[in-house]
Every structure is written in C-alpha cells, then in structure tokens.
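Enquirer:
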Amino acid sequence: MSKKYVHTLAEGAEVLEVKELSLSSLEGFTLNRVFAKPTHFKGRDCIEVRYNPDTPFIGEDPPDFIYLPDLDLHNGVIEVDVAGDMAPGAPGLARGFVGVAFRITPDLKHEGIYIRPANGRAEDQIRRNHSCQYYAFPDHPWSRLRKEEPEKYESYVDLELNAWTSLRVEFRDGKARLYVHGNSHPTLVVNDMKMDAARHGWVALWLGTGTLAHFSNLKITRWK
54 MSKKYVHTLA EGAEVLEVKE LSLSSLEGFT LNRVFAKPTH FKGRDCIEVR YNPDTPFIGE
114 DPPDFIYLPD LDLHNGVIEV DVAGDMAPGA PGLARGFVGV AFRITPDLKH EGIYIRPANG
174 RAEDQIRRNH SCQYYAFPDH PWSRLRKEEP EKYESYVDLE LNAWTSLRVE FRDGKARLYV
234 HGNSHPTLVV NDMKMDAARH GWVALWLGTG TLAHFSNLKI TRWK
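The sequence shown begins at 54 in the working numbering and counts up one residue at a time.
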C-alpha cells in the first residue's frame, strides 16, 4: 500500500474517509445468496465465502456477495487480499472467480471487477488473456462485453488458485483501474464503465459460480 501507483484516478481527488477492516468477523456485513463465516486461512484471520449452488440463476455475474449496507460510496478505492479456489462439486466452468463489487443499489444492480485464478497459468493462451474482468450487472455481464468488444474489459495477470492475491480497485466517475500483486501499473484499465457515472452505493466482496473464496485486509478509501 506504500507503492506509488501510476495512471491513478486519484489526481485531484479529496480523501473524505478511510475505513480498514481486518475481516476477522462478519460484523457489518449482509449476506446475499452465499454462505460465509470467519475463519483462519494460510496464516490469516479472514472471512470465508462459499458459493451457494441452490441459488436460482438470475444472469451472469450475479450478486453473489457479502456487502456493507452502511457504507455508501461513489468514487474511491477498494483494497483487499483475496484467495479463490473451486468449491467442492464446482461445475466445469468454475475458475475460482473472486473480486469486489461496488456502487450497489437496493435492487442489487452494481459494477465489479474480479479475477479468474485458474486462468493465470493455463496452457491455453486465450484462457490466460481472460484472467481478470470488469462487468456491470445485470445488463453487461462478461459474455456480452466479450462478444461486443473482445479483450477490452479483461486482461492477463499471473495468478494461482488458493493463493493470497492483493487487489486494488480504483473507480472515479466513469473510469476504473485494477492493480494486482501491489504492482504500480494497472493490470486492467476501464475508461467507459457501463452504468451512470453519478451512481453510488454499497461495497461488496464478490465471488462467482463454484467458488470458495477467502478475503482479508479490506481497506476502503472514499473520494470526493
């Protein structure tokens, strides 16, 4: 977190609030379509979130997450360490999907950025190129974005299943940046987020189909 990030969206932004959570409990979180519990994983206190296979299908990149209903954010930064793995009985399409969602409104519409750890070291180069993803639920899931503007909203980054991975997601108005592993340059650059740039809403820890996820060291910075 002491890195000097380049191409940052923070230039000229005023920091209004910084909130840090160790994620040693579920205090303050609301669960949506998932199972979750505090636990200890690979040397850290953290929250484990598990995909619920009994939830109904409501579209791709659905609101399977735990969110903070008392934290309303328009622009800012979400920093968190994540580890994604396949849950027992996961379908073949599972990739350990794990990330964050933001600007969540009461109808659960939102935007998000996530990683696909199983793709990071795949032998198939095309799969590697799909290691991280931006999406907007419900109208712009990964499949629509990939079909209409291939490669624009996803990118490659070296990843491993079930390994702690640091994510930093910056978003300001209609733009977003993803930084991974503490790198000073962004892995993914999004210059035309698909929802209204004036939106604001809750922040969530997100996971996808067939995922067993762990989250620790959450830091949220609110910008004016």
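Quick reminder that beta carbons are idealized off the backbone N, C-alpha and C, glycines included.
#1: Would you give the residue range spanned by the alpha helix (DSSP H) that Lys-200 belongs to?
#2: Mind checking whether Leu-231 and Leu-220 have CB atoms under 8 Å apart?
#3: Report the three-state DSSP secondary structure of Arg-174 (helix, strand or coil).
#4: Where does Arg-169 fall in DSSP's three states?
#5: Can you tell me which of Gly-261, Leu-161, Glu-101, Leu-212 puts its alpha carbon nearest to the alpha carbon of Leu-76?
#6: Rounded to the nearest angstrom, what separates Ile-157 and Ile-179 at their Cα positions?
#7: Quick check on the DSSP output: what are the complete beta strand (DSSP E) runs of length 3 or more inside the region 119–188, in order along the chain?
#8: So, under 8 Å CB-CB, Gly-152 and Gly-165 are touching, yes? Tell me the CB distance rounded to an integer number of Å.
#9: Buried or exposed: where does Met-54 fall if 16 or more other Cβ atoms within 10 Å of its Cβ makes it buried?
#10: Can you tell which of Ala-66, Lys-90, Trp-259, Ala-89 has the C-alpha that lies nearest to the C-alpha of Phe-190?
#11: Alpha carbon to alpha carbon, how far is Ala-175 from Val-210?
#12: Among Pro-115, Asp-123, Gly-129, Pro-116, which residue has its Cα nearest to the Cα of Ala-250?
#13: DSSP on Pro-239, reduced to helix/strand/coil?
#14: Rounded to whole angstroms, what is the Cα-Cα separation between Lys-205 and Asn-244?
#15: Of all Cβ atoms in chain B, is any one closer than 8 Å to the Cβ of Ala-143?
#16: Alpha carbon to alpha carbon, how far is Pro-194 from Pro-116?
#17: Using 10 angstroms around the beta-carbon of Ala-123, count the other beta-carbons present and answer buried if the total reaches 16, otherwise exposed.
Expert: Based on what the coordinates show:
#1: Within the sequence shown, the letter at position 147 stands for residue 200. Note, Lys-200: alpha helix (DSSP H), 195–201.
#2: By one-based count along the sequence shown, residue 231 stands at place 178. By one-based count along the sequence shown, residue 220 stands at place 167. A contact, by the Cβ cut-off of 8 Å.
#3: Position 121 of the sequence shown, counted from the start, is the residue given in the question as residue 174. Arg-174 falls in the coil class under three-state DSSP.
#4: For the purposes of this step, residue 169 is taken as residue 116 along the sequence shown, with counting starting at 1. Arg-169 falls in the coil class under three-state DSSP.
#5: Within the sequence shown, residue 76 is the residue found at index 23, counting from 1. Scanning Gly-261, Leu-161, Glu-101, Leu-212 for the CA closest to the CA of Leu-76 turns up Glu-101.
#6: The residue you call residue 157 lines up with position 104 of the sequence shown. The residue you call residue 179 lines up with position 126 of the sequence shown. In this model, Ile-157 and Ile-179 are separated by some 31 Å (Cα to Cα).
#7: With a minimum length of 3 residues, the continuous beta strand (DSSP E) runs that stay inside the region 119–188 are 128–139, 151–157, 163–168.
#8: What you label residue 152 is simply residue 99 of the sequence shown in a count that begins at 1. What you label residue 165 is simply residue 112 of the sequence shown in a count that begins at 1. With a Cβ gap of about 6 Å, Gly-152 and Gly-165 count as contacting.
#9: Taking the first residue of the sequence shown as position 1, residue 54 is located at position 1. Because the pLDDT of Met-54 is 43, which lies under 50, any placement of that residue in the model is unreliable, and the question is left without a value.
#10: Locating residue 190 in the sequence shown gives position 137, counting from the first residue. Of the candidates Ala-66, Lys-90, Trp-259, Ala-89, the one whose C-alpha sits nearest the C-alpha of Phe-190 is Trp-259.
#11: Looking up residue 175 in the sequence shown gives position 122. Looking up residue 210 in the sequence shown gives position 157. Cα-Cα distance, rounded: 11 Å.
#12: What you label residue 250 is simply residue 197 of the sequence shown in a count that begins at 1. Among Pro-115, Asp-123, Gly-129, Pro-116, the Cα nearest to that of Ala-250 is on Gly-129.
#13: The residue labelled residue 239 in the question sits at position 186 within the sequence shown. Coil at Pro-239, not helix or strand.
#14: Taking the first residue of the sequence shown as 1, we reach residue 205 at position 152. Taking the first residue of the sequence shown as 1, we reach residue 244 at position 191. Their backbone Cα atoms lie some 10 Å apart in a straight line.
#15: The structure shown has no chain B; it contains just one protein chain.
#16: Taking the first residue of the sequence shown as position 1, residue 194 is located at position 141. Taking the first residue of the sequence shown as position 1, residue 116 is located at position 63. Taking the straight line joining both Cα atoms gives about 12 Å.
#17: As a position in the sequence shown, residue 123 is number 70, starting the count at 1. The question names Ala, but residue 123 in the sequence shown is Asp. Per the 10 Å Cβ criterion, exposed.
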